[in-house]
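These notes are about the structure you will find just below.
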Amino acid sequence: MADSIMYQEDAYVVLESGQPEQVILTAEELLTKLEEVLATLDHVPRDLQRFAPRSAQAKHLMETSCEIDLGPGDYLQWYVVRLEK
């Protein structure tokens, strides 16, 4: 059986096009970031359209994916990291 620590999320490393450095965000900060990004899109990805409101879309995206395509050459990626051993 897998250790429960495998499913603990301390923070997320976030990589974004046009940004020179990686950023570390908490889960709440990442949710806010994803909500802001989704608000700027002309068309929400099809797999997220079944969720309303935008906060539910962001939560589903955060829990089931690690990136969102923002158009040609633009991206947003996030990876779970544990800050303590």
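Residue numbers 2 to 86, in this note's numbering, belong to the letters of the sequence shown in order.
The C-beta atom is built at its ideal place from N, Cα and C for all residues, glycine as well.
Remember, it's a predicted structure, so these values are computed and weren't measured experimentally.
- A distance below 7 Å between beta-carbons, with the five flanking residues on each side excluded, links residue 27 to the following residues of its chain, in chain order: 12.
- In this structure, residue 36 keeps its C-beta atom at 7 Å or more from the C-beta atom of residue 51.
- In this structure, residue 23 sits near residue 14, with a CB-CB distance shorter than 7 Å.
- The DSSP assignment places 55-65 as complete runs of the alpha helix (DSSP H) inside the segment 41-67, in order along the chain (cut-off: 4 residues).
- Contact annotation: residue 85 and residue 78 have beta-carbon atoms that are not nearer than 7 Å.
- Short of 7 Å from the beta carbon of residue 45, and not among the five residues preceding or following it, lie these beta carbons of its own chain, in chain order: 39 and 58.
- For residue 61, the closest of 33, 75, 25 and 17 by C-alpha to C-alpha distance is 33.
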